[in-house]
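Here the sequence shown stands for residues 45 to 185, numbered as in the numbering used here. Positions of the beta carbon are idealized from the N, C-alpha and C atoms, including for glycine. Please read these numbers as outputs of a predicted model, since none were measured by experiment. One structure below.
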Amino acid sequence: MSVKLIAHALIQDKQAYLVIKRSVTKRGQANVYPNYWDIPGGGVEQGELPRAAALRETLEEANQAITITGILHEDSQFDCQKQTVFTRLVYAAHLKEERPVLLDPEEHADFRWIESLEELEGEQIVPYLYSLIPTISGNSQ
Numbered sequence: 045m046s047v048k049l050i051a052h053a054l055i056q057d058k059q060a061y062l063v064i065k066r067s068v069t070k071r072g073q074a075n076v077y078p079n080y081w082d083i084p085g086g087g088v089e090q091g092e093l094p095r096a097a098a099l100r101e102t103l104e105e106a107n108q109a110i111t112i113t114g115i116l117h118e119d120s121q122f123d124c125q126k127q128t129v130f131t132r133l134v135y136a137a138h139l140k141e142e143r144p145v146l147l148d149p150e151e152h153a154d155f156r157w158i159e160s161l162e163e164l165e166g167e168q169i170v171p172y173l174y175s176l177i178p179t180i181s182g183n184s185q
């Protein structure tokens, strides 16, 4: 059995959160959660700390330099087929500076700044975001 760490950043700028839409394929392979809205993040590399991975992934995936202010969420799942425990860490983050969002088209198809998940109504959203991004009423689901 192996363990894989995944680090994400929930970026808040004023009252909005950055979400990015996963592409159907990722570097020629079927993507996990294709066409789902997610937040920047990815695998922690060998010898890398999770915080550093969240910073790196956010820069690589969305061209955003961020400051991490704390940890918001942790969850773990066991993948029987891969015999791997996947642990996700989500950090709270703010922008260091105003920059254009530039996506890697091999990984993501679109982005939006949203204030609530209702703005994505009718679209697919990765499940863990429901506990992180507020609804219009200001409460998380």
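Can you name, in chain order, every residue of its own chain whose Cβ lies under 8 Å from the Cβ of residue i, other than the five neighbours on each side?
i           : result
residue 185 : With a pLDDT of 43 at residue 185, under the threshold of 50, the predicted position of this residue should be treated as unreliable, though the coordinate-derived value follows. Correct list, in chain order: 161, 174, 175, 179.
residue 177 : 54, 61, 63, 158, 160, 161, 184
Contact defined as beta carbons within less than 8 Å: I believe residue i pairs with residue j. What is the distance between those atoms, to the nearest angstrom?
i          : j           : result
residue 53 : residue 137 : 4 Å
Can you give me the start and stop residues for the beta strand (DSSP E) that residue i sits inside?
i           : result
residue 156 : 152-158
residue 51  : 46-57
residue 134 : 128-139
residue 116 : 110-123
residue 61  : 60-66
Near residue i, what residues of its chain come up, given a Cβ to Cβ distance below 6 Å and the 5 sequence neighbours on each side ignored?
i           : result
residue 57  : 139
residue 170 : 77, 80, 82
residue 131 : 49, 120
Going straight from the alpha carbon of residue i to that of residue j, what length do you get?
i           : j           : result
residue 119 : residue 133 : 7 Å
residue 142 : residue 149 : 21 Å
residue 155 : residue 91  : 30 Å
residue 144 : residue 65  : 16 Å
residue 104 : residue 88  : 13 Å
residue 165 : residue 59  : 18 Å
residue 115 : residue 47  : 20 Å
residue 187 : residue 106 : Residue 187 is absent from the model: the chain starts at 45 and stops at 185.
residue 73  : residue 67  : 10 Å
residue 112 : residue 94  : 11 Å
How is the alpha helix (DSSP H) around residue i delimited, first residue to last?
i          : result
residue 95 : 94-106
Take residue i and list the residues in its own chain whose beta-carbon comes closer than 7 Å to its own, dropping the five residues that flank it on each side.
i           : result
residue 110 : 53, 55, 99, 102, 137, 138, 139, 140
residue 123 : 130
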